[in-house]
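Chains as they are written, first to last, in my numbering: chain A, 32 to 317; chain B, 170 to 338.
Each residue gets a CB set at the ideal place from its N, CA and C atoms; glycine is no exception.
What you are looking at is a predicted structure, and each value in this text was computed from that prediction instead of being measured.
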Amino acid sequence: MQPFAYSRPGTLAEAVALLEERGPGARVLAGGTDLLIRLRDGSLDPEVVVDVKRVPELAPGIRADDGRLVIGATTTMTEIAAHPVIRHEFAALADAAAYVGSVQIRNRATLAGNLCNASPAADTAPALLVHGAVVVAAGPEGTRRIPLDAFFVRSGVTTLARGELVTAVDLPLPSTRLASAHERRTRRRGHDLAAVTMAVGVDARGAARLAFGSVGPRPVVRVDDTATLGDRSATDADVDAILDRLLGDAAPSRTSMRASPGYRLAMLRVLARRARATALGRLADG
Amino acid sequence: MAERVAIELVLNGARRRVEVEPHHTLLDALRDDLALTGAKSCCLVGECGACTVMVDGRAVDSCLVLAAEVAGADVRTVEGLAPAGGGLSTLQAKFLEHGAVQCGYCIPGQLMAAQALLETTPQPSDPEIEEGLAGNLCRCACYEQIFDAVRETAATAVVEPRAPAAAAR
Ligand SMILES: Cc1cc2nc3c(=O)[nH]c(=O)nc-3n(C[C@H](O)[C@H](O)[C@H](O)COP(=O)(O)OP(=O)(O)OC[C@H]3O[C@@H](n4cnc5c(N)ncnc54)[C@H](O)[C@@H]3O)c2cc1C
Ligand code: FES
Ligand code: FES
């Protein structure tokens, strides 16, 4: 690895000041499972790496606060996958976290790191989009709340400004249960980045949301306002017609090594049907 | 050249102080600065698990952790598995008994992943063993034997979870 300096600020103010002053010369380090690979292969070459794991505002932890579930930025996939409230209320997120890499990766990989890395294949993104997650960011101008849909721009690019970092991700604790599930398709079993990711959420009134990734430059969310996907008596033909409409503008990369566009589009539909079935089952189980 | 970082950690139960390069990984520091060559350097991208060690009771790929990050942490490597008085831990003995070791390159990582699994899930189901070891590749394909060794250890031995020594943070 190219040499760099290591900084471990103990306060949010220090971290923000350093990031603002250095701009692209500084790089946030959370679990390091994306960053260390890019530091080693030389695609990133910062002067200073800013380890944010000792900043109290970013501390790991999952707590309910004012009708929302707040997940600290450095909470790991291991903790998310095991958390009882997430497993019940935000099941797609627990599914997604449990899929990430291996035990060793999940013990380090953080939720905010998964989002800030902004890979179109990020496993937690579709689940968080389905559940209406908000990214909490702190920067030189103070704190702001960014709906996740307004956070992603394209691969590797988010709407975070210079000097800003993510302190938490929060999710509205729903008054009506939104049962959800996450599915993905990889080239091989075990740890591999997904060729297609899909999350579906359905509620008792029949409303449904689906979100998918790895198809196009960023993950996207779609709302089914026809109440078809959430209706367990809907015919396969009805479901397919809605999926065609919701997935119609998906545009997979023509050059990706992980899967061809035709395969991805076909798999999107398969995964959507599967995730819907699992979500409906979970809704029925209460 | 950036300044070296002085860190203090608990390594296999003993408090150690060491100066590390900020751009060196925990794997580099273990092998080059602390003379513990059990953890192996292989893919260096988190795919193979040959570099697996335990940090604060959890299995991690030491090729993806900066040495500076473990300041104050409890780090355990394969060198810390055998009982202080000599001999092998039950897990290590079961690996030998089952012929789970051929070239041996992946074994320190396999052992540490298995140790972490058995400490957090003392009675793992078969799928839990598979998942617990899914981050460790074996070029010699001893997967069946490794699996059996771990399953038998879980069935026959009490894996002593060593409480992380009082960390400095
Ligand atoms: C072997 C392997 C398998 C993997 N498998 C999967 C998988 O199955 N699914 C998947 O989605 N991902 C996978 N990944 C990718 C990676 O593990 C995840 O994206 C992880 O969540 C990244 O989190 P981190 O804490 O390690 O991020 P880091 O590497 O620390 O950071 C990632 C990026 O985000 C920035 N960043 C981190 N935290 C913040 C913050 N709080 N504020 C602002 N910027 C921040 C960093 O500067 C960096 O650019 C895998 C990686 C490896 C090595
Ligand atoms: S060398 Fe670290 S995972 Fe392969
Ligand atoms: S024993 Fe040779 S790589 Fe596993």
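Let me check understanding here. Comparing Cα to Cα, which of the options lies closest to residue i?
{"i": "A:G261", "options": "A:L241, A:G41, A:R193", "result": "A:L241"}
{"i": "A:D97", "options": "A:P205, A:R249, A:R276", "result": "A:P205"}
{"i": "A:L196", "options": "A:L311, A:P292, A:T105, A:V301", "result": "A:T105"}
{"i": "A:V116", "options": "A:A128, A:S133, A:A95, A:A129", "result": "A:A95"}
{"i": "A:A44", "options": "A:G194, A:V101, A:R137, A:L202", "result": "A:G194"}
{"i": "B:C211", "options": "B:A251, B:C232, B:A228", "result": "B:C232"}
{"i": "B:G215", "options": "A:A140, A:K84, A:G144, A:D256", "result": "A:A140"}
{"i": "A:A308", "options": "A:C147, A:G173, A:A212, A:A90", "result": "A:A212"}
{"i": "B:C217", "options": "B:I276, B:R245, B:K263, B:E248", "result": "B:I276"}
{"i": "A:Q135", "options": "B:A183, B:E172, B:C220", "result": "B:C220"}
{"i": "B:E300", "options": "B:A282, B:A253, B:A171, B:E288", "result": "B:A282"}
{"i": "B:E321", "options": "B:V270, B:C307, B:A204, B:Q292", "result": "B:Q292"}
{"i": "B:R245", "options": "B:A236, B:G256, B:M223, B:G254", "result": "B:M223"}
{"i": "B:A183", "options": "B:A318, B:L203, B:G207", "result": "B:L203"}
{"i": "A:A258", "options": "A:F243, A:R39, A:L274, A:R99", "result": "A:L274"}
{"i": "A:A90", "options": "A:V81, A:E78, A:V80, A:G103", "result": "A:G103"}
{"i": "A:A199", "options": "A:N145, A:R236, A:R249, A:M229", "result": "A:N145"}
{"i": "A:L202", "options": "A:R69, A:A158, A:G317", "result": "A:A158"}
{"i": "B:R227", "options": "B:Q284, B:D201, B:V319", "result": "B:Q284"}
{"i": "A:S38", "options": "A:K84, A:A123, A:R305, A:A112", "result": "A:K84"}
{"i": "B:T206", "options": "B:Y274, B:P252, B:V187, B:R308", "result": "B:Y274"}
{"i": "A:A153", "options": "A:G247, A:A122, A:E172", "result": "A:G247"}
{"i": "A:R215", "options": "A:A265, A:L66, A:I111, A:L302", "result": "A:L302"}
Counting along the chain, where does the beta strand (DSSP E) carrying residue i start and finish?
{"i": "B:H267", "result": "Looking at the DSSP string, B:H267 is not in any beta strand (DSSP E), and its letter there is neither H nor E."}
{"i": "A:L100", "result": "99–103"}
{"i": "A:L49", "result": "That residue, A:L49, is in no beta strand (DSSP E); its alpha helix (DSSP H) goes 43–53."}
{"i": "A:G232", "result": "227–234"}
{"i": "B:D243", "result": "243–245"}
Where does residue i fall in DSSP's three states?
{"i": "A:H119", "result": "helix"}
{"i": "A:G170", "result": "strand"}
{"i": "B:C220", "result": "coil"}
{"i": "A:P151", "result": "coil"}
{"i": "A:G247", "result": "coil"}
{"i": "A:G132", "result": "coil"}
{"i": "A:R137", "result": "helix"}
{"i": "A:T109", "result": "helix"}
{"i": "B:A332", "result": "With a pLDDT of only 47 at B:A332, under the threshold of 50, the placement of this residue in the model should not be trusted; the figure read from the coordinates follows. Of the three classes helix, strand and coil, the one that applies to B:A332 here is coil, per DSSP."}
{"i": "A:P178", "result": "strand"}
{"i": "B:A251", "result": "coil"}
{"i": "A:E214", "result": "strand"}
{"i": "A:P91", "result": "coil"}
{"i": "A:V209", "result": "Looking at the sequence provided, one finds Leu at residue 209 of chain A rather than Val. Strand at A:L209."}
{"i": "B:V148", "result": "An answer regarding residue 148 of chain B cannot be provided, because it is not within the stretch 170 to 338 covered by chain B."}
{"i": "B:A337", "result": "Annotation note: pLDDT 35 at B:A337 (below 50); position unreliable, coordinate value reported separately. DSSP places B:A337 in coil when its eight states are reduced to three."}
{"i": "B:E188", "result": "strand"}
{"i": "B:L180", "result": "strand"}
{"i": "A:R185", "result": "strand"}
{"i": "A:D126", "result": "helix"}
{"i": "B:D201", "result": "helix"}
{"i": "A:L60", "result": "strand"}
Give me, in chain order, the residues of the same chain whose beta-carbon lies closer than 7 Å to that of residue i; leave out the 5 immediate sequence neighbours on both sides.
{"i": "B:A337", "result": "Because the pLDDT of B:A337 is 35, which lies under 50, any placement of that residue in the model is unreliable, and the question is left without a value."}
{"i": "A:R176", "result": "V165, V167"}
{"i": "A:M108", "result": "A128, V131, R137, A140"}
{"i": "A:A239", "result": "V231, G232, V233, D255, L260, G261"}
{"i": "A:D76", "result": "Q33"}
{"i": "A:V293", "result": "The sequence shown places Gly at residue 293 of chain A, rather than the Val named in the question. Closer than 7 Å at the Cβ level, and outside the excluded window around A:G293, lies no residue."}
Suppose the cutoff is 6 Å on Cβ atoms and the five residues either side in sequence are ignored; what does the same chain contact list for residue i look like?
{"i": "B:Q279", "result": "N305, I315"}
{"i": "A:V270", "result": "none"}
{"i": "B:A332", "result": "Residue placement at B:A332 is poorly supported in this model, since its pLDDT is 47, which falls under 50; the coordinates still yield a value, given next. Counting only Cβ-Cβ distances below 6 Å, and skipping sequence neighbours, we find nothing."}
{"i": "B:L195", "result": "S231, V234, A236, V239"}
{"i": "B:H158", "result": "Because chain B spans 170 through 338 in this model, residue 158 of chain B falls outside it and cannot be assessed."}
{"i": "B:A334", "result": "For B:A334, the predicted structure reports a pLDDT of 45, less than 50, and the residue's modelled location is therefore unreliable. A value from the coordinates is still provided. Excluding residues within five positions, the ones whose Cβ falls inside 6 Å are V179, D243."}
Just reading off the alpha helix (DSSP H) that residue i is part of, what are its end residues?
{"i": "B:D295", "result": "295–301"}
{"i": "A:T309", "result": "292–316"}
{"i": "A:F243", "result": "No alpha helix (DSSP H) holds A:F243; the beta strand (DSSP E) holding it covers 239–244."}
{"i": "A:R276", "result": "267–278"}
{"i": "A:F35", "result": "Counting along the chain, A:F35 falls outside any alpha helix (DSSP H), and DSSP gives it neither H nor E."}
{"i": "A:L70", "result": "66–71"}
{"i": "A:T198", "result": "Unbroken run through A:T198 is the beta strand (DSSP E), 196–203; no alpha helix (DSSP H)."}
{"i": "B:V319", "result": "312–325"}
{"i": "B:A340", "result": "Because chain B here runs from 170 to 338, residue 340 of chain B falls outside it and cannot be looked at."}
What residues from chain C crowd round residue i, counting only those whose CB sits closer than 8 Å?
{"i": "A:R71", "result": "In the structure shown, chain C does not exist; the protein chains are A and B."}
Note down, in chain order, each residue of its chain lying with its Cβ closer than 8 Å to the Cβ of residue i, except the 5 sequence neighbours on either side.
{"i": "A:V252", "result": "P157, L160, V161, D180, R240, L241, A242"}
{"i": "B:G268", "result": "C311, Q314"}
Residue list, Cβ distance to ligand 2 heavy atoms smaller than 6 Å
B:S210, B:C211, B:C212, B:L213, B:G215, B:E216, B:C217, B:G218, B:A219, B:C220, B:D230, B:C232
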